[in-house]
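Following: one structure in structure tokens, then a few remarks.
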Amino acid sequence: MVQDNPLILVGGYGFVGRNILDAVAQNPEFSQFKPLVIDNLSNACSGYEQLGLQQCIAHYNDESVKSFLDKHADAPRTFIFLAGETRVAESKDRPLDFIDANIKDPAQFVMESVREGDRFILISTAGALFDGTFEINTDSVYCPKNFYGASKAAEEMVLEKLVGLRGAEFSIVRFTNVYGTHSELKKSAIHAFTRALLQDTTVTINGDGEQRRDFVFSGDVGNGVATLAKRMTNGEPFDKVNMIGSGETVSLNDVVAALEAAANKPLKYQRDEAKELLATEPREVSARKSDVEVLLGQNITSLSSGLEQTFNYYKNLLK
1 MVQDNPLILV
11 GGYGFVGRNI
21 LDAVAQNPEF
31 SQFKPLVIDN
41 LSNACSGYEQ
51 LGLQQCIAHY
61 NDESVKSFLD
71 KHADAPRTFI
81 FLAGETRVAE
91 SKDRPLDFID
101 ANIKDPAQFV
111 MESVREGDRF
121 ILISTAGALF
131 DGTFEINTDS
141 VYCPKNFYGA
151 SKAAEEMVLE
161 KLVGLRGAEF
171 SIVRFTNVYG
181 THSELKKSAI
191 HAFTRALLQD
201 TTVTINGDGE
211 QRRDFVFSGD
221 VGNGVATLAK
231 RMTNGEPFDK
241 VNMIGSGETV
251 SLNDVVAALE
261 AAANKPLKYQ
271 RDEAKELLAT
281 EPREVSARKS
291 DVEVLLGQNI
301 TSLSSGLEQT
311 FNYYKNLLK
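First residue of the sequence shown? That's 1 in the UniProt record's numbering, and the numbers climb one at a time after it.
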């Protein structure tokens, strides 16, 4: 039986939010939560209407949100804030907008909506915050490599102080390169490869394919965030910063091989040796496995298993 522990996902119908909602719905370990969603649908994944959740469809600082939250204020609430700006490339062209999206607007939400006794989990980032030439862990010093990363670093620091002033508890979740269900086949390499396999088209791999990333399955992220929410809600010890990644780095060539195995067919591709894929990204970003295992309390999904689940999900979606 679900207890009245409000779990409020701000921006909850996006990629990561949908995987958190899946974790809460599918795992009896999280049955204490009553999930609620605030979302303006600007980045919503398809099928959210079928979830049947209590929701407020509006920007999180809209007046209607305040009324919605007042109805769920009888007990301390756990907020999961996922609503920051995430389009890294655009931060170069309109950097001042990111001050509003990643600092000013979230700060306003905290000051107007978070109350004493609440819990607040900020979903942040990893690759944009750090150089990428070393392991990302909870002790890393900020080294943002673009304006987006700088705005997210500032968001972490500002919201930590404001949440504390409101008398609420605060924690951060950072993760590496997330792939998996509900990501709507957008512009990542994994999505491009998956779509090409399903539609029997040819894709271009820029560079030699040896760009390396720490890829983490979306289901692991969903379970990890829900586990942190449970610990905070139950008054158990928790870390201020939580890192979710696989703890291993793999090349794009490894990803291609795993997807080909899942599809049982070769990927049609050509190489553009003159252009490196994701040239503005570090070649390698990894999480420290010990941090991952402590948060999840379980083994990370292997790349082969995660990509097989991803391929089958989109195979059914695109029928």
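Cβ atoms here follow ideal geometry from the backbone N, Cα and C, with glycine treated the same way.
Residue i - containing alpha helix (DSSP H), residue span
i	result
residue 174	Run containing residue 174: none in the alpha helix (DSSP H); it sits in the beta strand (DSSP E), 169 to 175.
residue 95	95 to 99
residue 253	252 to 263
residue 26	15 to 26
residue 310	303 to 317
residue 108	105 to 113
residue 238	No alpha helix (DSSP H) holds residue 238; DSSP gives it neither H nor E.
Nonlocal neighbours in the same chain, by C-beta distance under 6 Å from residue i, ignoring five residues either side
i	result
residue 79	8 and 120
residue 218	19, 178, 180 and 181
residue 144	129, 150 and 153
residue 43	14
residue 304	258
residue 95	147
residue 81	10 and 122
residue 77	6, 8 and 118
residue 108	61
Own chain, CB closer than 7 Å to residue i, minus 5 neighbours either side, in chain order
i	result
residue 220	244, 296, 300 and 301
residue 37	9, 12, 13, 53 and 55
residue 165	none
residue 238	171, 228, 231 and 232
residue 105	61
residue 253	209 and 210
Residue i versus residue j - alpha carbon distance
i	j	result
residue 26	residue 50	15 Å
residue 70	residue 115	11 Å
residue 308	residue 257	11 Å
residue 318	residue 235	43 Å
residue 209	residue 193	12 Å
residue 31	residue 189	35 Å
residue 40	residue 73	21 Å
residue 359	residue 97	Residue 359 lies beyond the stretch modelled for the chain, which goes from 1 to 319, so this question has no answer here.
residue 199	residue 315	10 Å
residue 67	residue 168	20 Å
residue 311	residue 260	10 Å
residue 102	residue 247	27 Å
residue 100	residue 202	39 Å
residue 183	residue 313	10 Å
residue 4	residue 34	6 Å
residue 196	residue 45	21 Å
residue 17	residue 240	20 Å
residue 270	residue 204	5 Å
residue 142	residue 111	25 Å
Limits of the unbroken beta strand (DSSP E) element including residue i
i	result
residue 216	215 to 217
residue 194	Per DSSP, residue 194 belongs to no beta strand (DSSP E); it is in the alpha helix (DSSP H), 189 to 199.
residue 161	Careful: residue 161 lies outside any beta strand (DSSP E), inside the alpha helix (DSSP H) at 147 to 165.
residue 79	78 to 81
residue 270	268 to 272
Sequence-distant residues of its chain with Cβ nearer than 8 Å to residue i (five each side left out)
i	result
residue 64	56 and 58
residue 92	146 and 147
residue 356	Shown here, the chain extends from 1 to 319; a query on residue 356 therefore has no answer.
CB-CB length for residue i against residue j, believed under 8 Å
i	j	result
residue 22	residue 306	Not confirmed; about 14 Å, so no contact.
residue 83	residue 60	6 Å
residue 156	residue 124	6 Å
The ligand ATP heavy atom lying under 7 Å from the CB of residue i
i	result
residue 192	This structure simply doesn't include the ligand ATP, nor any ligand for that matter.
Determine contact between the segment 116 to 125 and the segment 228 to 238, defined as no fewer than three beta-carbon pairs at a distance below 8 Å.
yes
Report yes or no: do three or more beta-carbon pairs, one from the segment 259 to 266 and one from the segment 144 to 164, lie closer than 8 Å?
no
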